[in-house]
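Undergrad:
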Amino acid sequence: MLHKREREALTSGAARAKQPEKDELEQYLEDPEEPDLDVNLLAWWAVKEDKWPALAKMVKQYLAAPASSGGVERKFSAAGKMHGDLQKSAKDDTLEHSILAAFNTD
1 MLHKREREAL
11 TSGAARAKQP
21 EKDELEQYLE
31 DPEEPDLDVN
41 LLAWWAVKED
51 KWPALAKMVK
61 QYLAAPASSG
71 GVERKFSAAG
81 KMHGDLQKSA
91 KDDTLEHSIL
101 AAFNTD
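Numbering-wise (full-length UniProt numbering), the sequence shown opens with residue 1 and increments by one.
Below, the structure is given as structure tokens:
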């Protein structure tokens, strides 16, 4: 016959085994907040990149400011080529999705 403590230990161990692995976002949100509010965000994410690689990649993409308007000009140029005379009947969402896919793939 199992004692109460032994039963609790077995059931808690079984419950832990059934819990799904947490994704990077869940791990990030459970991490304690940074006490230093004057931190360089890109440097902080460079340190955390090994822990949360997918989130770090997104942070680099969205926090890094472009040095010039060249990137925007390239996107407008690409959009013009994608939405040429033969594609005029395409829906706006189609063009938007095409540009998103063209500029956000590895």
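In this text, a Cβ means the ideal position worked out from N, Cα and C, and glycines have one as well.
Just so it is clear, the structure is predicted and the values come from calculations on it, not from any experiment.
In three-state terms, what does DSSP make of S77?
TA: Of the three classes helix, strand and coil, the one that applies to S77 here is helix, per DSSP.
Undergrad: Can you give the Cα-Cα distance for D23 and A54, rounded to whole angstroms?
TA: Cα to Cα, the separation comes out at about 10 Å.
Undergrad: Taking Cβ to Cβ, would you say W44 is nearer than 7 Å to A56?
TA: No. Outside cutoff.
Undergrad: Find the nearest neighbour of A78 within the set K48, D38, L95, judged by alpha-carbon distance.
TA: With distances taken between Cα atoms, A78 lies closest to L95.
Undergrad: Looking at D36 and the ligand PLP, is the gap between the Cβ and the nearest heavy atom below 6 Å?
TA: By its list of ligands, the structure shown contains no ligand whatsoever, and the ligand PLP lies outside what it can speak to.
Undergrad: Give me the residue from F103, S98, M58, G71 with the minimum Cα distance to L25.
TA: Among F103, S98, M58, G71, the Cα nearest to that of L25 is on M58.
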